[in-house]
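First residue of the sequence shown: 0, per numbering that gives the first Met the number 0; consecutive thereafter.
All C-beta atoms, glycine included, are put in the ideal place defined by N, C-alpha and C.
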Amino acid sequence: MTATLENKIKNRIREAGPLSVAEYMTVCLLDPVQGYYPTRDPLGADGDFITAPEISQMFGEVLGLWCIQSWIDMGRPETFNLIELGPGRGIMMSDMLRATSLDPDFKAAVNVWLIEASSALEAVQGRTLGAAGVPVQWASRLDDVPSGPSLIIGNEFLDCLPIQQLICNDPFAGKDGWVERRVGLDDEDRLCFVRIDAPAVAGLTRNIPEGADDARKDDLLETCSSVAQIVDSLAQRFANHSGRALFIDYGPEDTEFGDTLQALKGHKKVGVFSDPGNTDLTARVDFAALASVAQAAGLTASAAVPQREFLSKLGIEMRAVALTRAKPDGKSIIARQLNRLTADDEMGELFKAMCLSSAALPPPLGLR
Ligand code: SAH
0 MTATLENKIK NRIREAGPLS VAEYMTVCLL DPVQGYYPTR DPLGADGDFI TAPEISQMFG
60 EVLGLWCIQS WIDMGRPETF NLIELGPGRG IMMSDMLRAT SLDPDFKAAV NVWLIEASSA
120 LEAVQGRTLG AAGVPVQWAS RLDDVPSGPS LIIGNEFLDC LPIQQLICND PFAGKDGWVE
180 RRVGLDDEDR LCFVRIDAPA VAGLTRNIPE GADDARKDDL LETCSSVAQI VDSLAQRFAN
240 HSGRALFIDY GPEDTEFGDT LQALKGHKKV GVFSDPGNTD LTARVDFAAL ASVAQAAGLT
300 ASAAVPQREF LSKLGIEMRA VALTRAKPDG KSIIARQLNR LTADDEMGEL FKAMCLSSAA
360 LPPPLGLR
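In structure tokens form, the structure reads like this:
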């Protein structure tokens, strides 16, 4: 009988000691044989979670308009890359491309690239985008997409990147005052968090953002070294060609302390150790840290703008009116969808949009 992913993780801990939270997330989400993403389509009403493009076509459609305006801002290049990070079922890309049909020159110039870690979802994306009428290709890393002017979009992508967890042990000791929280085994052989009582290695403390300077003893900080890798890759790409990267995700505008690693199954929160490989694991995105890493790499970062404000500036209310006029029977459904995307007690305030741009581009539409 094959060992469960939980047992494989426990064996690794027995052999090599506690795993970093990042290693735990990576195994659970991406183990090629038993990991969460490679083995299922997790999205939608029958899945574990639902995302903005899955709620309503309006989301991708107004982002399509954002793409047209960005392409115009870049000087209407005759050929360019439209790259999506973590495209899920390909619905957002499909809605964006439909909206961009408004501008045939955009459609003639676009080369779509999808960066997807799960072969199961790659197959779904292939079916969704089969009739898109533009070239669609896959790459395993952003660096593998050919150079050239590029627009990059990731919705609920950054939240599934592996995070590290650090605990402030001595607020007066600077970066040496942080220790790491890892995943180990308790007395009854169950997975649990353990605190490593030695200063965290420099590779981890390098990513501590300025906003963590006022940490108090025992504050927990989450950092994400994969974000720095993505920013590096964007900076290289934008060094010779213009481009923008738009990230939409849940998280605060400023760095906050606290453990936000969460697991979802069947649209409900469950324990992060409850069923490794069969629950979605995410953590909120630290937009302040993202902006400061991007600025240090020479990119221009917009503010982290609440989703409500961003979608409203892109005209989502007008799109809802037009859709309702075309489908009067759908009026209450469309109103409910709009509310889920934009109301403060739904996704409107918790979710933010942030754009990282190459130098010398005007401020992006809908952001500040
Ligand atoms: N953007 C989609 C899906 C969000 S779920 C939507 O809004 O509906 C997260 C997506 O990122 C999934 O497609 C998942 O397979 C993919 N993913 C997770 N980690 C990844 C990684 N390291 N590299 C590339 N894709 C990844």
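Proximity of residue i and residue j at Cβ, strictly below 9 Å
i, j, result
"residue 304", "residue 352", "yes"
"residue 169", "residue 120", "no"
"residue 150", "residue 100", "no"
"residue 284", "residue 257", "no"
"residue 162", "residue 282", "yes"
"residue 13", "residue 53", "no"
"residue 232", "residue 140", "yes"
"residue 354", "residue 194", "no"
"residue 175", "residue 204", "yes"
"residue 337", "residue 55", "yes"
"residue 154", "residue 91", "yes"
"residue 363", "residue 301", "yes"
"residue 98", "residue 67", "yes"
"residue 85", "residue 114", "yes"
"residue 365", "residue 241", "no"
"residue 159", "residue 280", "yes"
"residue 177", "residue 144", "no"
"residue 289", "residue 8", "no"
"residue 236", "residue 291", "no"
"residue 246", "residue 349", "no"
"residue 148", "residue 172", "no"
"residue 278", "residue 47", "yes"
"residue 357", "residue 227", "no"
"residue 51", "residue 340", "yes"
Span of the alpha helix (DSSP H), counted from its first residue to its last, around residue i
i, result
"residue 23", "20–29"
"residue 124", "118–127"
"residue 235", "224–239"
"residue 277", "No alpha helix (DSSP H) holds residue 277; DSSP gives it neither H nor E."
"residue 97", "90–99"
"residue 53", "51–54"
"residue 13", "4–15"
"residue 248", "First-last for residue 248: 242–249, but that is the beta strand (DSSP E), not the alpha helix (DSSP H)."
"residue 330", "330–341"
"residue 312", "306–312"
"residue 315", "315–325"
"residue 370", "A query on residue 370 cannot be resolved here, the shown segment of the chain reaching from 0 to 367 and no further."
Residue range of the unbroken beta strand (DSSP E) whose run includes residue i
i, result
"residue 350", "350–356"
"residue 149", "149–154"
"residue 192", "190–198"
"residue 82", "79–84"
"residue 206", "Unbroken run through residue 206: none, as it is neither H nor E."
"residue 263", "261–264"
"residue 136", "135–138"
"residue 114", "109–114"
"residue 179", "177–184"
"residue 167", "163–167"
"residue 418", "The structure shown does not extend to residue 418, since the chain spans only 0 to 367, so no value can be given for it."
Cβ separation of residue i and residue j, assumed to be a contact under 8 Å, to the nearest whole Å
i, j, result
"residue 275", "residue 5", "5 Å"
"residue 346", "residue 306", "6 Å"
"residue 219", "residue 261", "The Cβ separation is near 14 Å, so there is no contact."
"residue 298", "residue 234", "6 Å"
"residue 319", "residue 57", "6 Å"
"residue 36", "residue 28", "6 Å"
"residue 400", "residue 19", "In this structure the chain extends from 0 to 367, so residue 400 is not present and cannot be described."
"residue 76", "residue 108", "6 Å"
"residue 287", "residue 259", "About 14 Å; that fails the 8 Å criterion."
"residue 72", "residue 360", "5 Å"
"residue 230", "residue 296", "5 Å"
Near ligand 3: residue i beta-carbon under 8 Å from a heavy atom
i, result
"residue 154", "Among the ligands in the structure shown, ligand 3 does not appear; only ligand 1 can be found there."
For the structure I just gave you, are there three or more beta carbon pairs, one from the stretch 329–345 and one from the stretch 70–90, closer than 8 Å? no
Using 8 Å as the Cβ pair cut-off and three pairs as the minimum, do the stretch 207–220 and the stretch 307–317 touch? no
Would you call the stretch 123–140 and the stretch 170–186 touching, i.e. three or more CB-CB distances under 8 Å? no
Does the stretch 22–34 come within contact of the stretch 55–74, defined as at least 3 CB pairs closer than 8 Å? no
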